[in-house]
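Okay, structure first, notes after.
Protein chains: 2
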Amino acid sequence: MSTATQTPAASKLVTIEALTEFTMASLQRLGVSEADARTTADVLVTTDAWGVFTHGTKGLRGYLRRLKAGGLRAEARPEIATQGPAWAIVNGQSALAMVTSVLAMRTAIAKAKTCGIAYVGVRNSCHYGAAGYYASLAADAGLIGMSMANDVPSVAAPGSRGAITGSNPISYAIPAGKHRSILLDMSVATVAGGKVYAARTRGEAIPNTWLVGADGKPTTDPSGYPQIGALQPAAGHKGYGIALLIEALSGVLSGASVTWQVGNWLWDDGTKPTDHGAAFIALDVNTIMPAAEFTRRVEALVDEIHSAPRADGVDRLFVPGEMEWEKHARATREGIALPSDVVESLRDSATMAGLKLEDYL
Amino acid sequence: MSTATQTPAASKLVTIEALTEFTMASLQRLGVSEADARTTADVLVTTDAWGVFTHGTKGLRGYLRRLKAGGLRAEARPEIATQGPAWAIVNGQSALAMVTSVLAMRTAIAKAKTCGIAYVGVRNSCHYGAAGYYASLAADAGLIGMSMANDVPSVAAPGSRGAITGSNPISYAIPAGKHRSILLDMSVATVAGGKVYAARTRGEAIPNTWLVGADGKPTTDPSGYPQIGALQPAAGHKGYGIALLIEALSGVLSGASVTWQVGNWLWDDGTKPTDHGAAFIALDVNTIMPAAEFTRRVEALVDEIHSAPRADGVDRLFVPGEMEWEKHARATREGIALPSDVVESLRDSATMAGLKLEDYL
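Chains as they are written, first to last, in this note's numbering: chain A, 294 to 654; chain B, 294 to 654.
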């Protein structure tokens, strides 16, 4: 969990409860049921509590816009279209992707408890926020969880002039006993597009590993992004290769749209479904190995990393997700320090929902 | 599949059949059954045919040495220790890892055909060669396959002074209809240790993204490697995060050794098992979606990539594995051009087995 963490310049301190209440109220004003609003708010607010502000309630205005336009349907019920002992395909019916994704991961968890492992593919979904939330659901239930999704292309392949795959997030979570779950949430690009865009806004050059320009070659010039250029895949052919696995499991095998057929949830026609795909995999630890033994083994691994020799000047070694869980604990105690761009976005959300932000935050 | 492909300086052209025959004969001379020798030879020679010479028959002398010393047991039969509908744990019993791994992937394939997906973990195994071979077995049978393994630590984590995880290979293969399977085989390190060692041998500096030195900081000096330094993880925290997922599925959940408990298959006491872990996952496409529909969809994705705009000076865009399958086709027609270091290693193998290399190649 680290592509999008950021230290806010100016921020507003809000409680998890207040932010949840505002998010739920906004969604309910657009016809979303209380239960679905709660599910969606928990995804978005948990993400903010992790400090991953690019994927939390900042997205709310985008989801509200689509709910208003009809591309997302407030009353839709995602359903299991086909299934077997250790697999299912969920048709999201253009419901909020958080609602569909939670159903899908819960289905994977239930099937994994019987079979050991399960795969659930999703089609007719939309932007689902932070991949890590769903993986974390599985870990909270004692399972190893994986979550991934496709998206409209923004990332180049080695040698391509433009984008070939989405930034295709992938996440896993591993229950870790006395520690919070080991939790990785990454995109297949070298950096988030937001970092390139921020450099453009500041008029700064970027490292030549972030972007390819109009000629498909690495560039230090972000001035045309995102109209010109594509993100570079992380570690070259490795990031590109992982992107295609995600595309296959999320898009191809689920029956969802693939690459350029996926709608852009922010910029494309809000009246049309985006038809994102996603995939969820759960492995039930306790079916395969006594949970206490697994816990002992994974705790030993984490402890070993924590006590390993550090490079000069390094205070701590972290396992994936550890920084985010510490932010989460602080947010639970002290509130979330929302960056100003998130607060501005929530003001837009309030306007769209006919609410006063000050009544909540 | 690209970490270790190389253009040989001086090479010897051999047929797949002759190299297979030599590999089988060497193994059989050390007590391995004809069937197990055939399995092992197919893994190693297929890898050479892909051009991945670091992981092919070059490893044979290492396996023979362990067979002689007793750390690998020629007569051992890997067995399914525990299992359920969509999972199993295989105890390799210190048999050749290729024999154990093929059994494990075949078990995953059979269970996935019933359940949709299956996981098979392996313990008491050893260095299994190229991860891609086993993923490819699944794709040849119409399934999506994944293969991964742990190893003795050689790769740093962000901020660590030394190695934290193995280079932990991971591979997937996706059946692709009229095309050969999409096939990725990667390690979690920025580059293979062999590339660092080769630079040391040539007395050259290396890019500062390959290695951390004795102080845990990036270095351009390979002169102490591998005694001093650790490989950098690919894409920093992303490669490190993937390494830990592989460690969890291959080592922790299977009951195998984890990180520093894994034996070094080349350098550690040959009389002792290395107790490597591995994990194999198969998804049966045809259980989840009609195979013809999946084929149409994946072919469209490959065709889209092939016809996408290319950067200036780039002739072709490749999907993962495409270069290796073209080498494989050429090797089948014309033979494999074995680099001189592989030929030298085969000479050692022949000596160990009491064979004359010239009788075969």
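Note that the Cβ used here is the ideal one computed from N, Cα and C, for glycine as well.
Just so you know, these numbers come straight off a predicted model, no measurement behind them.
{"Item": "Return helix, strand or coil for T278 of chain A, following the three-state DSSP convention.", "Value": "For chain A, the structure presents residues 294 to 654; residue 278 of chain A sits outside this window and is missing."}
{"Item": "Which residues in chain B have a C-beta closer than 9 Å to the C-beta of K510 of chain A? List them in chain order.", "Value": "A604, D605 and G606"}
{"Item": "In chain A, which residues lie less than 8 Å from W343 of chain B when you measure between Cβ atoms?", "Value": "Simply none; closest approach about 15 Å."}
{"Item": "Would you verify that the beta carbon of P613 of chain B is, or is not, closer than 8 Å to some beta carbon of chain A?", "Value": "yes"}
{"Item": "Looking only at its own chain, which residues have a Cβ that is under 7 Å from the Cβ of V578 of chain B, when we skip the five neighbours before and after it?", "Value": "G435, L436, I437, P468, A584 and F587"}
{"Item": "Tell me which residue opens and which closes the beta strand (DSSP E) that F587 of chain B is part of.", "Value": "Here F587 of chain B belongs to no beta strand (DSSP E); instead the alpha helix (DSSP H) covers A584 to H599."}
{"Item": "Just verifying my parser: in three-state terms, what is the DSSP assignment at W553 of chain B?", "Value": "helix"}
{"Item": "Label W343 of chain A either buried or exposed according to how many other C-beta atoms from any shown protein chain fall within 10 Å of its C-beta, with 16 as the threshold for buried.", "Value": "buried"}
{"Item": "Determine the extent of the alpha helix (DSSP H) in which A348 of chain B is found, giving its start and end residues.", "Value": "It is His, not Ala, that sits at residue 348 of chain B in the sequence shown. Neither: H348 of chain B is in no alpha helix (DSSP H) and is coded neither H nor E."}
{"Item": "Of the choices A:L576, A:D641, A:I598 and A:F611, whose alpha-carbon is the least far from that of C408 of chain A?", "Value": "A:L576"}
{"Item": "CA-CA distance, G570 of chain A and D641 of chain B?", "Value": "52 Å"}
{"Item": "To test your reading of the DSSP string, which unbroken alpha helix (DSSP H) runs of 4 or more residues are found completely within the stretch 413-497 of chain A?", "Value": "424-433 and 486-495"}
{"Item": "Using 8 Å for Cβ pairs, my map puts D478 of chain B next to G522 of chain B. What's the rounded Cβ distance?", "Value": "Not quite, the Cβ-Cβ distance comes to about 24 Å (not below 8 Å), so this is no contact."}
{"Item": "Starting from the C-beta of S516 of chain B, find all residues in its chain whose C-beta is less than 7 Å away, skip the five residues before and the five after it, and write them out in chain order.", "Value": "R493"}
{"Item": "Using the Cα positions of D335 of chain A and R473 of chain A, report the straight-line distance between them to the nearest angstrom.", "Value": "18 Å"}
{"Item": "Kindly list the residues whose CB is nearer than 6 Å to the CB of E372 of chain B, restricted to its own chain and excluding five residues on each side of it in sequence; keep chain order.", "Value": "N384"}
{"Item": "Is there contact here, the stretch 405-421 of chain B with the stretch 382-397 of chain B, by at least three beta-carbon pairs under 8 Å?", "Value": "yes"}
{"Item": "Starting from K305 of chain B, trace the beta strand (DSSP E) both ways and give me its first and last residue.", "Value": "S304 to V307"}
{"Item": "By the three-class DSSP mapping on this structure, what secondary structure does L537 of chain A have?", "Value": "helix"}
{"Item": "To be precise: take each residue of the stretch 490-508 of chain A, compare its Cβ to all Cβ atoms of chain B, and keep it if any distance is under 8 Å. Which residues remain?", "Value": "V505 and D508"}
{"Item": "For K305 of chain B versus V636 of chain B, is the C-beta distance shorter than 8 Å?", "Value": "yes"}
{"Item": "From what residue to what residue does the alpha helix (DSSP H) around W618 of chain A run?", "Value": "E615 to E627"}
{"Item": "Give me the residue from A:Y533, A:A601 and A:R359 with the minimum Cα distance to I457 of chain B.", "Value": "A:A601"}
{"Item": "For chain A, check one thing: does any of its Cβ atoms lie closer than 8 Å to the Cβ of R399 of chain B?", "Value": "no"}
{"Item": "Alpha carbon to alpha carbon, what distance is there between T316 of chain A and Y421 of chain A?", "Value": "15 Å"}
{"Item": "Can you tell me which of B:E627, B:E327 and B:V595 puts its alpha carbon nearest to the alpha carbon of G534 of chain A?", "Value": "B:V595"}
{"Item": "What residues from the stretch 447-458 of chain B come within 7 Å of chain A, judged by C-beta to C-beta, listed N to C?", "Value": "A450, G452, S453, R454, G455 and I457"}
{"Item": "In chain A, what lies closer than 8 Å to F587 of chain B by C-beta?", "Value": "V545 and L546"}
{"Item": "Of all the CB atoms in chain A, is at least one closer than 8 Å to the CB of R656 of chain B?", "Value": "Residue coverage of chain B in this structure runs from 294 to 654, which leaves residue 656 of chain B outside it and unanswerable."}
{"Item": "Could you name the residues of the stretch 422-445 of chain B whose beta carbon sits closer than 9 Å to any beta carbon of chain A, in the order they occur along the chain?", "Value": "I437 and M439"}
{"Item": "How is R603 of chain B classed by DSSP in three states: helix, strand or coil?", "Value": "strand"}
{"Item": "Just mark D341 of chain B as buried or exposed, buried being the case when its beta carbon has 16 or more other beta carbons within 10 Å.", "Value": "buried"}
{"Item": "Along chain A, in chain order, which residues have C-beta atoms closer than 7 Å to that of I475 of chain B?", "Value": "L537"}
{"Item": "Where DSSP assigns a beta bridge to D577 of chain A, which residues make up the other side?", "Value": "A:L436"}
{"Item": "Do the CB positions of V481 of chain B and A411 of chain B come within less than 8 Å of each other?", "Value": "no"}
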